[in-house]
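Chemist:
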Amino acid sequence: MQIAYVTTYDVKNPDSWTKYHGGNYGASNFIAKTLTNQNIFLDYLGPLQKTQSWLTRSKWLYYHHLFKKDYYSWSEPIVCRSYGNQVAKKLRDTSSDIVISPEGAIPTAYLECQQPIVLWIDTTLTELINFFPHLSNLCQETKNNIYQMEKAALDKCKLLIVTSEWARETVVKTYGIDKSKIRIIPRGANIEIKPGRSLVEITELVKSRGDKICKLIYSGVDWKRKGGDIALGVAKKLNEIGLHTELTIIGCQPISEEPLPSFVKPLGYINKNQPDGLSKMCKLIGDSHFLILPTLADTNPHVLAEANAFGVPCLTTKIAGIPTVIKDDINGKTFSVDAKVEDYCNYVIQYWNQYHKYEELAISSFNEYLTRLNWEVAGMTAKQLLLEIL
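Under the working numbering, the first residue of the sequence shown is numbered 1398, with each subsequent residue one higher.
#1: Closer than 6 Å by C-beta to residue 1442: which residues in its own chain qualify, once you throw out the five before and the five after it? Chain order, please.
#2: Would you kindly report the start and end of the unbroken alpha helix (DSSP H) that includes residue 1456?
#3: Would you mind reading off the limits of the beta strand (DSSP E) that contains residue 1554?
#4: Could you compute how far the alpha carbon of residue 1481 sits from the alpha carbon of residue 1505?
#5: Here's the rule I'm using: 16 or more other beta-carbon atoms within 10 Å means buried, otherwise exposed. How should residue 1517 be labelled?
#6: Is the stretch 1760 to 1776 in contact with the stretch 1714 to 1730, if contact means three or more CB pairs nearer than 8 Å?
#7: Tell me the residue span of the alpha helix (DSSP H) that contains residue 1427.
#8: Which term fits residue 1451, buried or exposed, when burial requires 16 or more other beta carbons within 10 angstroms of its beta carbon?
#9: Quick check: the Cα distance between residue 1526 and residue 1533, rounded to an integer number of angstroms?
#10: Give me, in chain order, the residues of the same chain whose beta-carbon lies closer than 8 Å to that of residue 1789; leave out the 5 immediate sequence neighbours on both sides.
#11: Between residue 1683 and chain C, is there a C-beta pair that is closer than 7 Å?
#12: Excluding five sequence neighbours on each side, which residues of the same chain lie with their C-beta closer than 6 Å to the C-beta of residue 1788?
#13: Return helix, strand or coil for residue 1594, following the three-state DSSP convention.
#14: Rounded to a whole number of angstroms, what is the C-alpha to C-alpha distance between residue 1758 and residue 1752?
#15: Grab the span of the beta strand (DSSP E) containing residue 1663 for me, first residue to last.
#16: Count Cβ pairs between the stretch 1650 to 1659 and the stretch 1682 to 1689 that sit closer than 8 Å; are there 3 or more?
#17: With a threshold of 6 Å on Cβ separation, who are the neighbours of residue 1546 within its own chain once the five nearest residues in sequence on each side are excluded?
#18: Taking the alpha-carbon positions, what's the residue 1572 to residue 1548 distance?
#19: Three-state secondary structure (DSSP) at residue 1479?
#20: With a CB to CB cut of under 7 Å and the five nearest residues on each side skipped, what residues in its chain are close to residue 1540?
#21: Taking the alpha-carbon positions, what's the residue 1596 to residue 1674 distance?
#22: For residue 1699, count neighbouring C-beta atoms within 10 Å of its own C-beta (all shown protein chains included) and say buried if the count is 16 or more, exposed if not.
#23: For residue 1543, count neighbouring Cβ atoms within 10 angstroms of its own Cβ and tell me buried if that reaches 16, exposed if not.
#24: Anyone know if the C-beta pair for residue 1399 and residue 1498 falls short of 7 Å?
#25: Could you round the C-beta distance between residue 1715 and residue 1732 to whole angstroms and report it? I think they count as a contact, below 8 Å.
#26: Could you name the residues that DSSP lists as bridge partners for residue 1747?
#27: Quick one, are the C-beta atoms of residue 1642 and residue 1628 less than 7 Å apart?
#28: Ordered along the chain, which non-local residues of its own chain (more than five positions away) have a Cβ less than 6 Å from that of residue 1608?
#29: What beta strand (DSSP E) runs, 3 residues minimum, are completely inside the stretch 1718 to 1780?
#30: Could you give the distance in angstroms between the alpha-carbon of residue 1433 and the alpha-carbon of residue 1779?
#31: Between the Cα of residue 1665 and those of 1692, 1576, 1523 and 1619, spot the shortest distance and give me the residue it belongs to.
#32: Quick one: grab the DSSP three-state call for residue 1706.
#33: Hey, how far is the Cα of residue 1511 from the Cα of residue 1669?
#34: How would you call residue 1638, buried or exposed, if buried means at least 16 neighbouring beta carbons within 10 angstroms?
#35: Counting only runs of 3+ residues fully inside the stretch 1595 to 1620, write out the beta strand (DSSP E) ranges in chain order.
#36: Compare the Cα-Cα distances from residue 1588 to each of 1446, 1701, 1745 and 1718 and report the closest residue.
Rendered as structure tokens:
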């Protein structure tokens, strides 16, 4: 089997990505690797050239200055048609059997080709409008462009792979596409970890944490959107009620009106695409008792699977696709977005007071990674689906 792998960006060059794209671009990189590991040959048809024109520039100026609204040229039909034409031209020089786009509709909405098209995404962009901050002040033209672009891509695709039940239900509701061509495959960890690591190794890691200090880790590039203030509040409250707690913060700098307490360790952004950064990230996660991510807007945070890969349970929110990843009392706990700091604290205390129960939860978290939240499982599942559409 030969796959044409379509991205507008350079999926093979992490050094070209910004930290804000690391999650999605990293997932696309791992999708490519897992397909390759299934003995599937990939033709990389990216990066693509973005069409710049007086039209898109003038529209941006028009909406930005007159209406204080965001206009995105990547959803403009002229741009998407250019991407489709570039992909079609590159396809003629390959022997690919299937086209896969981990970027969804942007490069495929106007693609005309003989090969079946597969979209492998978290969810559709339309579902993120007024959910993610950068999609919460859109002009109506961009909203319309996004819908039409995705509608065209979804109608023509042979298979749509999403990461959660939530994504499947919302895309059916919004676009009315046939549910039978949608499949759910949870994603793995965006770090190089072999799924075959031993239970003995993880058990030793869990035991090494001890019960003297409760170590929480927060990982997110957007302090406000990822619920950093709640994470900080939980660490403060746990210390107030007598549980010695540390909070390590990676990905961003905390925003606080008060000086940070000594038990908070802000480490900033760590580039896990570099060997030193990856080693540091793995050590920090592995030493932690819980990952805490009280996110207000997310679809499928990759850090959840990364934490589970080290036997670290996750404390997060019950929104969008997260409940597909985190199952209560199996690999962590999901809370409502309006949950109080005390709700998180009570959960931690519950397990801390029966520490053997915490250790069981940690091992169970690793088992979730081992059985369903890793790229090897994702790759095997995807390969079977791809064979079925040939």
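Positions of the beta carbon are idealized from the N, C-alpha and C atoms, including for glycine.
Modeler: In short, the structure shows the following:
#1: 1401, 1403, 1484 and 1487
#2: 1451 to 1463
#3: Run containing residue 1554: none; DSSP gives neither H nor E here.
#4: 6 Å
#5: buried
#6: yes
#7: 1419 to 1434
#8: exposed
#9: 6 Å
#10: Residue 1789 is absent from the structure shown; the chain starts at 1398 and stops at 1787.
#11: In the structure shown, chain C cannot be found, because there is only a single protein chain.
#12: No information on residue 1788 is available, as it lies outside the stretch 1398 to 1787 that the chain covers here.
#13: coil
#14: 10 Å
#15: 1661 to 1665
#16: no
#17: 1472, 1477, 1502 and 1506
#18: 7 Å
#19: helix
#20: 1526
#21: 25 Å
#22: buried
#23: buried
#24: no
#25: 6 Å
#26: DSSP, once it has assigned bridges, lists no residue as partnering residue 1747.
#27: no
#28: 1752
#29: 1729 to 1732
#30: 12 Å
#31: 1619
#32: coil
#33: 38 Å
#34: exposed
#35: 1611 to 1616
#36: 1701
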